[in-house]
Amino acid sequence: MPLGAYLLRTGAIALAYFVVGRLTFFVANLGLEASPIWFPAGIALGVLLLSSTDVWVGISLGSFLLAVSVGATGAAALVAAVGTTLSAIVGKALLRQVGWSSSLNSLRGALKFLALAVVASPIPNATIRTLYACIAGLSPWQQFSSQWWAIALGDSIGILVMAPLLLVWLSKPLPNNVPFGSNASVWWQQLQHQWRRWRTLEALLWVTLLLSVSWFVFCASMHAGKARYPLEILPLAPIVWAALRFGQRGTVVSGFIVSSLAFWGLTQHRGPFLMDANGNTQQATLLLQTFVGVTMGIVLMLAAAVAERQQAEAQLRFAADRERLLAETAQRIRRSLELDEILNTTVSEVRHLLQADQVFIIRLDPCGQGLSGHNLTVAESVSPGWTSVQDWVSDQRVAQEIEALFKQKTSENPCHVKPVKAIDDTAQADKPPLIAEYYRYCQVKASIGVPIMVHHKMFGILLVNQCSGPRHWLPLETNLLEQLATQVEIAIQQGQLYQHLQTLTVSLEGQVQARTAELQQRMQELQSLNQVKDLLLHAVAHDLRTPVQGMLMVLNSLRSRHKDCEAVPVPCGKFDRMVQSCDHQLNLLNSLLEGHTDDTPATVLHCQPVHLHQVVDIALSNLKPLLAENHVTLCAQVPCDLPPIKADLQQLRQVFESLLLNAVKHNAPGLTITLNATIDTTTAAPRMIHCAIADNGRGMDQNQCDRLFQLYVRGIDNQHLTGIGLGLHRCRQVITAHGGQVGVASHPGKGSQFWFTLPLADGNINAYS
Numbered sequence: 150m151p152l153g154a155y156l157l158r159t160g161a162i163a164l165a166y167f168v169v170g171r172l173t174f175f176v177a178n179l180g181l182e183a184s185p186i187w188f189p190a191g192i193a194l195g196v197l198l199l200s201s202t203d204v205w206v207g208i209s210l211g212s213f214l215l216a217v218s219v220g221a222t223g224a225a226a227l228v229a230a231v232g233t234t235l236s237a238i239v240g241k242a243l244l245r246q247v248g249w250s251s252s253l254n255s256l257r258g259a260l261k262f263l264a265l266a267v268v269a270s271p272i273p274n275a276t277i278r279t280l281y282a283c284i285a286g287l288s289p290w291q292q293f294s295s296q297w298w299a300i301a302l303g304d305s306i307g308i309l310v311m312a313p314l315l316l317v318w319l320s321k322p323l324p325n326n327v328p329f330g331s332n333a334s335v336w337w338q339q340l341q342h343q344w345r346r347w348r349t350l351e352a353l354l355w356v357t358l359l360l361s362v363s364w365f366v367f368c369a370s371m372h373a374g375k376a377r378y379p380l381e382i383l384p385l386a387p388i389v390w391a392a393l394r395f396g397q398r399g400t401v402v403s404g405f406i407v408s409s410l411a412f413w414g415l416t417q418h419r420g421p422f423l424m425d426a427n428g429n430t431q432q433a434t435l436l437l438q439t440f441v442g443v444t445m446g447i448v449l450m451l452a453a454a455v456a457e458r459q460q461a462e463a464q465l466r467f468a469a470d471r472e473r474l475l476a477e478t479a480q481r482i483r484r485s486l487e488l489d490e491i492l493n494t495t496v497s498e499v500r501h502l503l504q505a506d507q508v509f510i511i512r513l514d515p516c517g518q519g520l521s522g523h524n525l526t527v528a529e530s531v532s533p534g535w536t537s538v539q540d541w542v543s544d545q546r547v548a549q550e551i552e553a554l555f556k557q558k559t560s561e562n563p564c565h566v567k568p569v570k571a572i573d574d575t576a577q578a579d580k581p582p583l584i585a586e587y588y589r590y591c592q593v594k595a596s597i598g599v600p601i602m603v604h605h606k607m608f609g610i611l612l613v614n615q616c617s618g619p620r621h622w623l624p625l626e627t628n629l630l631e632q633l634a635t636q637v638e639i640a641i642q643q644g645q646l647y648q649h650l651q652t653l654t655v656s657l658e659g660q661v662q663a664r665t666a667e668l669q670q671r672m673q674e675l676q677s678l679n680q681v682k683d684l685l686l687h688a689v690a691h692d693l694r695t696p697v698q699g700m701l702m703v704l705n706s707l708r709s710r711h712k713d714c715e716a717v718p719v720p721c722g723k724f725d726r727m728v729q730s731c732d733h734q735l736n737l738l739n740s741l742l743e744g745h746t747d748d749t750p751a752t753v754l755h756c757q758p759v760h761l762h763q764v765v766d767i768a769l770s771n772l773k774p775l776l777a778e779n780h781v782t783l784c785a786q787v788p789c790d791l792p793p794i795k796a797d798l799q800q801l802r803q804v805f806e807s808l809l810l811n812a813v814k815h816n817a818p819g820l821t822i823t824l825n826a827t828i829d830t831t832t833a834a835p836r837m838i839h840c841a842i843a844d845n846g847r848g849m850d851q852n853q854c855d856r857l858f859q860l861y862v863r864g865i866d867n868q869h870l871t872g873i874g875l876g877l878h879r880c881r882q883v884i885t886a887h888g889g890q891v892g893v894a895s896h897p898g899k900g901s902q903f904w905f906t907l908p909l910a911d912g913n914i915n916a917y918s
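Read in order, the letters of the sequence shown are residues 150 to 918 in our numbering.
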């Protein structure tokens, strides 16, 4: 408990004791050894019963200051503080020893309170103070007995009047972790709530009648020869009225009012007690104490009887509500198969029925472990002002510890089919660290839970928490949770069966859709194959006819010029043209054959160390007429000092030619092409050479780039282009066979950049670095 809260609570108790004591001294001016009714004794025992034992500091401080204020010496004040505190502690210990709780809601509890708190607890204070007075010479030993009885009776009547008032109106213990003022705020809210339940007019009539009768009997002026002793029974009628109409709290209030007015009347030398005693104050005091003792005994018995009746009525209402809740839950289970709706309605109904602060259901996975990394709560109902457990994403170890608690409960009670774990006060219970953290986060003061079993395995746990303070869980509440858990188990099994049927239905529908989609895909593939077939026939016819026509033109030209000659001289240029046409035709045929093999590169390489700038120079010389014809501006940036690569010179030359031809063929004349090669330092060993061929042409979208290296795919405007779409596919096969990669980056209107990588030859990696 924080030090500031502890000091505030201790000071409040000391102040209450001091103020009530001063008022008692001020009123009880009878010239007696002790007050007939010592109200602070009731405050001391009542506060100690409602709170923890450490409040004795406030009681001792208040008693010491009170004794000093009325003129007692320091030693006498200290003895008074010790006696008062010791009596309160002894009274609490005796009541706790017999299992008494901080309530007077049963006849047995009221009798225990009368025997131990009222009769036994004043003995230490009376003995200590009387012994001190005799030893210190403040009182003669001959008056030991009379003084002892005066102190004991005063404390007994004070406890009988004040302690029940505190116990009934502050029925919940003072919390140890909040200041005293916070509990006072809760008390005031309870008071307002209780007052709203009373009928205002009847309450006013009752108070008016009780005050009027008590004042007339105990405070009216006495006249000689007119004893009014039989009229003392008149206040019993309003007391019975309060017991029947206003319950336990109204009963103890009426007893307090009657006792206080009787005490006031005697201090003012009025009332029937003084008259009946013929003016003898001591006898009148004894009569007052007897009357108050009998009256408050009747009040306690009436209050306990009323409380038992209210408890019986509450149990009957609870049983009726339980049956209604079970019936409605079973009906919802039969009517709906939505598991979430059933669980959410269940927690809401349970919280309303049990008047709890928080009810939720946690889910465990099929292996009995919590859902790792997720919130365990699947349904929750929480009162306003309390922390929601859904805001806390817990570790699966929390679920494991919770499950272990219920497994331990099962081993302790093997006959229980559904082990219920009930904790009346979490502060006093033994708990693992993670459970303690959960109690702290959710402010849990009392908790009860029951496991939900599905197919003999723990599916989850239904938990009910009380956050406002400790709570004793009744057997009816335990039985309700057991029956509700059974209904929830039925709901879960039905929901799982329904979900299984839905899964089967969806699976069948999915299989039908999958088969339909597969058939549609096959149809599309057949249509694509037909289109490829038509394209292939057209392209082959065109591409193979072009080199043949070129050779025929050359041959016809030679024959027409040298028709009569046996030997026909062929210029080198024309001869080279014929050879190139034949090579081109052979390459087309080879590409067709290789294009229909497995996509895994099977290209045969004849590798040797070559310099990349030499390969580029050969490719550019072969394409020089074409580049000039299309007015292409070429910027070659291939350094001569690049380390050599191990490659197939001819096939690598074809890669450069294909990429350059692709750029020229798909763009308008006047194109600018940039060709560069650098060492790629971004990749891990072995190091690579990165080659790039960029143009400022029309560019392509991403969809075309993704499909560009596939078999029989041509670039943009492919309706107007010739060729079978094997060039770029062949480039990928060659580069892959060399151990490199190839790709393209392009945007419409911004040109394209084809790139590929080639590994350096062994032994030349470090030469250039």
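For every residue, glycine included, the Cβ atom is placed at its ideal position computed from N, Cα and C.
- Gly307: member of the alpha helix (DSSP H) spanning Phe293 to Trp318, first to last residue.
- Inclusion of Gln902 and Ala841 in the CB contact set at 7 Å is warranted, their separation being smaller than that value.
- Beyond the five residues adjoining it in sequence on each side, Val389 comes within less than 8 Å, by CB distance, of Leu451 in the same chain, given in chain order.
- Residue pairing from DSSP places Ile794 in a beta bridge opposite Val759 and Leu909.
- Val176 sits in a helix when the DSSP states are folded into three classes.
- Linking Pro384 to Trp318 through their CA atoms gives a straight-line distance of about 22 Å.
- Look at Arg500 here: in three-state DSSP terms it is helix.
- Scanning its chain for C-beta atoms nearer than 6 Å, with the 5 sequence neighbours on each side dropped, one finds around Trp622 the residues Ala571 and Ile597, in chain order.
- For Lys594, there is no enclosing beta strand (DSSP E), as DSSP gives it neither H nor E.
- In the DSSP annotation of this structure, Lys570 is not part of any alpha helix (DSSP H); the continuous beta strand (DSSP E) holding it starts and ends at Lys570 to Ile572.
- Taking a cut-off of 8 Å for Cβ pairs, the region 773-783 and the region 812-821 touch, as three or more such pairs fall below it.
- The alpha carbon of Thr823 has as its nearest neighbour, out of Asn845, Tyr587 and Arg245, the alpha carbon of Asn845.
- An exposed status is given to Thr222, since fewer than 16 other beta-carbon atoms sit within 10 Å of its beta-carbon.
- When secondary structure is reduced to three states using DSSP, Val781 falls in the coil class, being assigned neither helix nor strand.
- Excluding residues up to 5 positions away in sequence, Ala275 and Thr279 lie with their Cβ nearer than 6 Å to the Cβ of Trp297 in the same chain.
- The C-beta separation of Cys880 from Ser807 comes to about 5 Å, placing the pair in contact by the 8 Å criterion.
- Closest option to Phe213, judged by alpha-carbon separation, among Thr233, Gln431, Gly307 and Leu302: Thr233.
- With contacts defined as CB atoms closer than 7 Å, Ala826 and Leu761 qualify as a contacting pair.
- Counting only the Cα atoms, Ala553 lies some 11 Å from Met607.
- In the three-state reduction of the DSSP assignment, Ser212 falls in the helix class, which pools H, G and I.
- Straight across, the Cα-Cα distance linking Phe367 with Trp290 is about 35 Å.
- Where Gly618 is concerned, there is no enclosing alpha helix (DSSP H), because DSSP gives it neither an H nor an E.
- Membership of Gln507 in the beta strand (DSSP E) is indicated by the continuous run Gln507 to Arg512.
- Cβ atoms of Leu253 and Leu316 come within 8 Å of each other, at about 6 Å.
- The residue among Glu487, Leu360, Ala224 and Ala386 with its C-alpha nearest the C-alpha of Gln651 is Glu487.
- For Leu486, the three-state secondary structure derived from DSSP is coil.
- The beta-carbon distance between Ala237 and Ala269, rounded to whole angstroms, is 12 Å. This is too long to meet the 8 Å contact definition.
- In the DSSP annotation of this structure, the continuous segment of the beta strand (DSSP E) that includes Met837 starts and ends at Met837 to Asp844.
- Per DSSP, the continuous alpha helix (DSSP H) segment holding Ser361 begins and ends at Thr349 to Phe367.
- Within the region 178-247, no beta strand (DSSP E) run of at least 3 residues lies entirely inside it.
- In this model, Pro600 and Thr202 are separated by some 36 Å (Cα to Cα).
- Taken through DSSP and simplified to helix, strand or coil, Gln786 comes out as strand.
- Excluding five sequence positions before and after Val787, the CB atoms of its chain that fall closer than 7 Å to its own CB belong to Leu761, His762, Val765, Leu824, Asn825 and Ala826, given in chain order.
- Under the 8 Å Cβ criterion, the region 489-502 counts as touching the region 630-647, having at least three qualifying pairs.
- Beyond the five residues adjoining it in sequence on each side, Gln459 comes within less than 7 Å, by CB distance, of Gly396 in the same chain, given in chain order.
- Taken atom to atom, the span from the alpha-carbon of Ala161 to that of Gly207 is near 8 Å.
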